[in-house]
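**Q** Numbers -17 to 263, taken from my numbering, label the letters of the sequence shown in order.
Mind having a look at this structure? Questions to follow.
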Amino acid sequence: MIRNYKVKWVWVSLLLGLFTANAIAQNAESKDYIVGPGDVLEIVVWDHADLSRTLEVSQEGDISYPFIGKVAAANKSVFSLENLIRDKLADGYIVSPQISIKVAEYINQKIFLFGEVNRPGSFTLKRRVHLLELISDAGGFTENRGSLGVIVRPASAKSKEGPTALEAAKKNEIIELNLDELIAGQPNSNSAYVVPGDTIYIKEAESVYVIGEVGRPGKFKWVKDLTVLQAISMAGGGTPRAALNRVSLVRNENGAEKEVKPKLSEKLLPDDIIKVPESYF
């Protein structure tokens, strides 16, 4: 009984550690968010409830705050804005103020989703959203989706410097995500939260091709550890005229096609072509 209790306590400790680490990571990411017009900010000054406010950023990019007046908020990260307000309040108003800002509502912030989803297009981000939630809003994955998702994050989503288009293109952040791991809930999912300006591509499934004397020649979804025999089975198996002892495999290696005779247990790579010839008899 004591041993069982200890095991349960270990699991609870591990889960608490995971949730705490994830919460810290999410908080760090939210501090990098670049504030824009229309965003609603919750500003908390610890031990000064009278100075806590929920304010909307004007179309000019400003907020109006007690004592310090108009503050330019747009194009600043949440972290930078916290420091700015803290410094202004410390300048003759409050001793060592502690400021916390949270984006309560994201307004008119566009993100773009393309590829293997049922309703691709642009979406308005009004709050912090996980990629899987966005995909659900887009009607879910198509049957042909692969295991790779790519987020292209513009430099302006991480910086307030306002680079030129050429500089921004060079500084785009590319985030590759394993969608199968994401769906399974593996703990790398914090990187899959989208931010304004993101463009997300859901890649098509990688394929192999089976041609010749099979029931249904064509293109088939490649999965890890797929073998020659399994691919032939996916294509309906060999016909009565198939010579399975003379199956060949065409593979592109360094830009050149190479045809070999594989074992039926050999594992395939994306874009492999399996040829099932006709028997001589």
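Note that the Cβ used here is the ideal one computed from N, Cα and C, for glycine as well.
Suppose the cutoff is 8 Å on Cβ atoms and the five residues either side in sequence are ignored; what does the same chain contact list for Phe105 look like?
**A** Within the sequence shown, the letter at position 123 stands for residue 105. Here the set comprises Lys92, Ile93, Phe94, Leu95, Leu116, Asp119 and Ala120.
**Q** Quick one, are the C-beta atoms of Val190 and Asp254 less than 8 Å apart?
**A** Position 208 of the sequence shown, counted from the first residue, corresponds to residue 190. Position 272 of the sequence shown, counted from the first residue, corresponds to residue 254. Cβ atoms of Val190 and Asp254: closer than 8 Å.
**Q** I need the DSSP call for Ile16, collapsed to helix, strand or coil.
**A** If you number the sequence shown from 1, residue 16 lands on position 34. Ile16 falls in the strand class under three-state DSSP.
**Q** So Gly131 packs on Tyr183, CB below 8 Å; how close in whole Å?
**A** As a first step, residue 131 must be located in the sequence shown, where it is residue number 149. As a first step, residue 183 must be located in the sequence shown, where it is residue number 201. Confirmed, about 7 Å.
**Q** Report yes if the CB atom of Val39 is closer than 8 Å to the CB atom of Val60, and no otherwise.
**A** For the purposes of this step, residue 39 is identified with residue 57 of the sequence shown, where counting begins at 1. For the purposes of this step, residue 60 is identified with residue 78 of the sequence shown, where counting begins at 1. No; because the gap between Cβ atoms is not below 8 Å, this pair is not in contact.
**Q** Among the residues of its own chain, which have a CB less than 8 Å from the CB of Asn126, if the five just before and after it don't count?
**A** The residue you call residue 126 lines up with position 144 of the sequence shown. If we look at Asn126 and ignore the five residues flanking it on each side, its Cβ neighbours are Glu98, Glu186, Ala187 and Lys203.
**Q** Can you tell which of Pro259, Arg35 and Leu208 has the C-alpha that lies nearest to the C-alpha of Thr221?
**A** In the sequence shown, residue 221 corresponds to position 239, counting from 1. For the residues Pro259, Arg35 and Leu208, the minimum Cα distance to Thr221 belongs to Pro259.
**Q** Excluding sequence positions up to five away, which residues of its chain have a Cβ less than 8 Å from the Cβ of Glu87?
**A** In the sequence shown, the residue the question calls residue 87 occupies position 105. For Glu87, where only same-chain residues beyond five positions count, the Cβ hits under 8 Å are Asp21, Val22, Lys108 and Arg109.
**Q** Please state the DSSP three-state secondary structure of Ile255.
**A** Counting from 1 along the sequence shown, the entry for residue 255 is found at position 273. Three-state result, Ile255: strand.
**Q** I'd like the list of long-range same chain contacts for Ala56, defined as Cβ closer than 7 Å, with 5 residues on each side in sequence excluded.
**A** Looking up residue 56 in the sequence shown gives position 74. Same-chain partners within the cutoff: Val17, Gly18, Pro19, Val39 and Gly43.
**Q** When the Cα atoms are used, what is the spatial distance from Tyr15 to Val177?
**A** Position 33 of the sequence shown, counting from 1, holds the residue named residue 15. Position 195 of the sequence shown, counting from 1, holds the residue named residue 177. Spanning the two alpha carbons is a distance of roughly 7 Å.
**Q** How would you write the range of the alpha helix (DSSP H) that Glu260 sits in, first residue to last?
**A** Counted from its first residue, the sequence shown places residue 260 at position 278. First-last for Glu260: undefined, no H or E at that position.
**Q** What did DSSP end up calling Ser247 once you bin it into helix, strand or coil?
**A** On the sequence shown, residue 247 is found 265 positions in, with the first residue counted as 1. Three-state result, Ser247: coil.
**Q** Look at the Cβ atom of Leu251, then the Cβ atom of Arg233, and state whether they are nearer than 8 Å.
**A** Sequence index remark: in the sequence shown, residue 251 carries index 269 (1-based). Sequence index remark: in the sequence shown, residue 233 carries index 251 (1-based). It is a contact, given that the beta carbons lie within the stated cut-off.
**Q** Measure the beta-carbon distance from Tyr47 to Ile67 and round it to whole angstroms, keeping in mind my assumption that it falls under 8 Å.
**A** By one-based count along the sequence shown, residue 47 stands at place 65. By one-based count along the sequence shown, residue 67 stands at place 85. 7 Å between Cβ atoms; contact.
**Q** When burial is assigned at 16 or more other CB atoms within 10 Å of the CB, is Phe123 buried or exposed?
**A** Counted from its first residue, the sequence shown places residue 123 at position 141. Burial call: buried.
**Q** Measuring CA to CA, which of Glu241, Ser261, Val53 and Ile256 is closest to Arg223?
**A** Counting from 1 along the sequence shown, the entry for residue 223 is found at position 241. Here the closest residue by C-alpha is Ser261.
**Q** Assign Val242 to one of two classes, buried (16 or more other C-beta atoms within 10 Å of its C-beta) or exposed (fewer than that).
**A** Position 260 of the sequence shown, counting from 1, holds the residue named residue 242. Exposed, since its Cβ has fewer than 16 Cβ neighbours within 10 Å.
**Q** Who are the near neighbours of Ile247 in its chain, counting only those whose CB is closer than 8 Å to its CB and skipping five residues on each side?
**A** Translated into the one-based positions of the sequence shown, residue 247 becomes position 265. Before going further, note that residue 247 is Ser rather than Ile in the sequence given. The answer, listed in chain order, is Thr209, Val210 and Leu211.
**Q** In terms of DSSP beta bridges, what is Phe123 paired with?
**A** Mapped onto the sequence shown, residue 123 falls at position 141. Answer is Val99, bridged to Phe123.
**Q** For Leu37 versus Ile45, is the C-beta spacing smaller than 8 Å?
**A** If you number the sequence shown from 1, residue 37 lands on position 55. If you number the sequence shown from 1, residue 45 lands on position 63. Yes, Cβ-Cβ distance for Leu37 and Ile45 is below 8 Å.
**Q** For Val192, name the three-state secondary structure that DSSP assigns.
**A** The residue given as residue 192 occupies position 210 in the sequence shown. Val192 falls in the strand class under three-state DSSP.
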